[in-house]
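Engineer: Residue numbers (this note's numbering): 140 to 568. We put the CB at the ideal spot given by N, CA and C, even for glycine. Just so it is clear, the structure is predicted and the values come from calculations on it, not from any experiment.
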Ligand code: HOZ
């Protein structure tokens, strides 16, 4: 008999800090032991004890067509036979770069890295090299991976663990990161005025998913674009989660606002560890070896990851109807859970766009980090556990978005809404 999740977690804590390789997975925000996963297929996740769950994380975004998507599986097997790594250029890198440039409106040139964290760290470095300025503006509650410059009022696991400002980040680094609340254009104007000619970049998730899902208010992103143009600031959209998820061209295509640089991740590796940053050729040509800004990686453009990512992106390019399908799934699920919440009389607020959504337990609209923190996180923990008991695996923190896939068929959608109804009834009776 194989080990239980509880036994594996106890063992894991002896060898791995906190027993996990990324903090959110530890279930600290929701209580109980994390589930150790054996495998996943389509909309289902199976733990080591053989229990199956309908899951709404999809590896934090990339599994647009559900788990173990066959075309990706085949491409990876084929690539494996040619050797897993060369540390030298391949034809596939050219093909995936071309596809990204064709699909994402703002990208003329793109550099592959190994994670979203690497992508954001590299993007601000090139923005600094290009502008000759040092400071960046980031929005409270946005998360751009664990690079030092971003662990200041950071979202995702940093909020979940109560460490939005991590020890280990030097004062020197922290003072170059200026903060504004998301959706507050006036705050950004004030920062620019107080730091004349010092701001290299404004970086944000155009649609944040790391304080739970939050949507941009009218004219906010357009206002940032205009400020960047007026003050020679590089506008960076972190589309690690929204890229290829909300549209083939990401949030920027969906919302019609074009950044100078974009960071990508997750989905462009089809589930393998990949990130990328790209944008205007004039800025990207500052990157070594053509320009002076250094950035490198032995495993960047890894052939297995490229095979998985190229297959995924090609499938997306060939099936543009996937986004209307995902939008319909997102709406059906949030309509269903919204009706239950309405009937329950509990305070709630739902943010949704396409295949991303968050349910907050607060009556106030959630528009930024402050309002997200107003959600009842203790109740969220109970809700998470109740949903798990009813066979639905959610992100184990209030401060994350959920991600849906086309593998969710009508019977799965019904099951999710039913699990939600039972969970809310049990928690209120
Ligand atoms: N919000 C994170 C993804 N951008 C969660 C993933 C993790 O930290 O493991």
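I need the DSSP call for residue 350, collapsed to helix, strand or coil.
Structural biologist: To locate residue 350, count along the chain shown from 1; it is residue 211. Reduced to three states, the DSSP call for residue 350 is coil.
Engineer: How about residue 255 and residue 405: do their beta carbons lie closer than 9 angstroms?
Structural biologist: On the chain shown, position 116 is the one that residue 255 refers to. On the chain shown, position 266 is the one that residue 405 refers to. It is a contact, given that the beta carbons lie within the stated cut-off.
Engineer: Give me the Cβ distance between residue 507 and residue 320, rounded to the nearest whole Å; I'm assuming they're in contact under 8 angstroms.
Structural biologist: Taking the chain shown and counting its residues from 1, the one referred to as residue 507 is at position 368. Taking the chain shown and counting its residues from 1, the one referred to as residue 320 is at position 181. About 5 angstroms; that satisfies the 8 angstroms criterion.
Engineer: From the DSSP output, in three-state form, read off residue 543 for me.
Structural biologist: The sequence position of residue 543 within the chain shown is 404, counting from 1. Residue state, collapsed to three classes: coil.
Engineer: Under the three-state reduction of DSSP, which class applies to residue 463: helix, strand or coil?
Structural biologist: For this step, residue 463 is matched to residue 324 along the chain shown. Helix at residue 463.
Engineer: Please go through the same chain and pick out, in chain order, the residues whose beta-carbon is closer than 7 angstroms to the beta-carbon of residue 318, but skip the five residues on each side of it.
Structural biologist: One-based indexing of the chain shown puts residue 318 at position 179. Correct list, in chain order: 277, 279, 291, 292.
Engineer: By Cβ distance, which residues of its chain are closer than 8 angstroms to residue 448, with the 5 residues on each side in sequence left out?
Structural biologist: Walking along the chain shown from the start, residue 448 turns up at place 309. So the qualifying residues of the chain are 235, 406, 407, 408, 409, 411, 413.
Engineer: Among the candidates 265, 538, 304, whose CA atom is the shortest distance from the CA of residue 425?
Structural biologist: Start at 1 with the first residue of the chain shown, and residue 425 comes out as number 286. Among 265, 538, 304, the Cα nearest to that of residue 425 is on 265.
Engineer: Cβ atoms of residue 401 and residue 378: under 9 angstroms apart, would you say?
Structural biologist: As a position in the chain shown, residue 378 is number 239, starting the count at 1. As a position in the chain shown, residue 401 is number 262, starting the count at 1. Contact: yes.
Engineer: Thinking just about the alpha-carbon of each residue, which of 268, 142, 182 is nearest to the one in residue 542?
Structural biologist: By one-based count along the chain shown, residue 542 stands at place 403. Looking at the Cα atoms, 182 is the closest of the given residues.
Engineer: Kindly indicate which three-state DSSP category residue 297 falls into: helix, strand or coil?
Structural biologist: Numbered from 1 along the chain shown, position 158 holds the residue referred to as residue 297. Residue 297 falls in the helix class under three-state DSSP.
Engineer: Closer than 7 angstroms by C-beta to residue 361: which residues in its own chain qualify, once you throw out the five before and the five after it? Chain order, please.
Structural biologist: Walking along the chain shown from the start, residue 361 turns up at place 222. Correct list, in chain order: 396.
Engineer: From 499, 324, 381, 333, pick the residue whose C-alpha is nearest to that of residue 345; which is it?
Structural biologist: Position 206 of the chain shown holds residue 345. Residue 345 has its Cα closest to that of 381, out of 499, 324, 381, 333.
Engineer: Report the option in 352, 539, 372 whose CA atom is closest to the CA atom of residue 332.
Structural biologist: For the purposes of this step, residue 332 is identified with residue 193 of the chain shown, where counting begins at 1. Comparing Cα positions, the closest option is 372.
Engineer: Applying the 10 Å Cβ sphere with the 16-neighbour rule, what's the burial state of residue 383?
Structural biologist: The sequence position of residue 383 within the chain shown is 244, counting from 1. Buried, by the Cβ-count rule.
Engineer: Less than 9 angstroms between the C-beta atoms of residue 195 and residue 533, yes or no?
Structural biologist: One-based indexing of the chain shown puts residue 195 at position 56. One-based indexing of the chain shown puts residue 533 at position 394. Yes, Cβ-Cβ distance for residue 195 and residue 533 is below 9 angstroms.
Engineer: Would you say residue 512 lies against chain C (beta-carbon separation less than 9 angstroms)?
Structural biologist: Among the chains in the structure shown there is no chain C, since it carries only a single protein chain.
Engineer: Any chance the segment 509-521 sits against the segment 467-478, with 3 or more Cβ pairs inside 8 angstroms?
Structural biologist: Output reads no: the segment 467-478 does not touch the segment 509-521.
Engineer: Looking at the structure shown, is residue 203 part of a helix, part of a strand, or coil, going by DSSP?
Structural biologist: Within the chain shown, the letter at position 64 stands for residue 203. In the structure shown, residue 203 sits in coil (DSSP, three-state: anything other than H, G, I, E or B).
Engineer: What are the boundary residues of the alpha helix (DSSP H) that includes residue 497?
Structural biologist: Counted from its first residue, the chain shown places residue 497 at position 358. Unbroken run through residue 497 is the beta strand (DSSP E), 495-499; no alpha helix (DSSP H).
Engineer: Keeping to the same chain, check which residues put their C-beta closer than 7 angstroms to that of residue 524; ignore five residues upstream and five downstream.
Structural biologist: Position 385 of the chain shown, counted from the start, is the residue given in the question as residue 524. Result list for residue 524: 169, 170, 171, in chain order.
Engineer: How about residue 257: is its Cβ closer than 8 angstroms to a heavy atom in ligand 1?
Structural biologist: Taking the chain shown and counting its residues from 1, the one referred to as residue 257 is at position 118. False, no ligand heavy atom lies under 8 angstroms from that Cβ.
Engineer: State the start and end residues of the unbroken alpha helix (DSSP H) segment that holds residue 237.
Structural biologist: Numbered from 1 along the chain shown, position 98 holds the residue referred to as residue 237. Element bounds for residue 237: 230-242.
Engineer: Does any heavy atom of ligand 1 sit closer than 8 angstroms to the C-beta of residue 349?
Structural biologist: For the purposes of this step, residue 349 is identified with residue 210 of the chain shown, where counting begins at 1. Checking every heavy atom of ligand 1 against the Cβ of residue 349, one is found closer than 8 angstroms.
Engineer: Comparing the CB of residue 379 with every heavy atom of ligand 1, is any distance shorter than 8 angstroms?
Structural biologist: In the chain shown, the residue the question calls residue 379 occupies position 240. Residue 379 Cβ: within cutoff of ligand 1.
Engineer: Can you tell me which of 219, 526, 164, 374 puts its alpha carbon nearest to the alpha carbon of residue 418?
Structural biologist: What you label residue 418 is simply residue 279 of the chain shown in a count that begins at 1. Cα-wise, what sits closest to residue 418 is 374.
Engineer: Closest by CA to residue 272, which one among 495, 261, 315, 186?
Structural biologist: Taking the chain shown and counting its residues from 1, the one referred to as residue 272 is at position 133. Looking at the Cα atoms, 315 is the closest of the given residues.
Engineer: Figure out for me which residue from 545, 143, 294 has the closest Cα to the Cα of residue 177.
Structural biologist: As a working mapping, residue 177 is identified with position 38 in the chain shown. Out of 545, 143, 294, 143 has the C-alpha closest to the C-alpha of residue 177.
Engineer: From the DSSP output, which residues share a beta bridge with residue 518?
Structural biologist: Locating residue 518 in the chain shown gives position 379, counting from the first residue. Beta-bridge pairing links residue 518 to no other residue.
Engineer: Tell me whether residue 539, by its Cβ, gets closer than 8 angstroms to a heavy atom of ligand 1.
Structural biologist: For this step, residue 539 is matched to residue 400 along the chain shown. Yes, since a heavy atom of ligand 1 falls inside the 8 angstroms radius drawn around the Cβ of residue 539.
Engineer: Say yes only if the C-beta of residue 187 is nearer than 8 angstroms to one or more non-hydrogen atoms of ligand 1, and no if none qualify.
Structural biologist: Mapped onto the chain shown, residue 187 falls at position 48. It does not: the Cβ of residue 187 is nowhere closer than 8 angstroms to a heavy atom of ligand 1.
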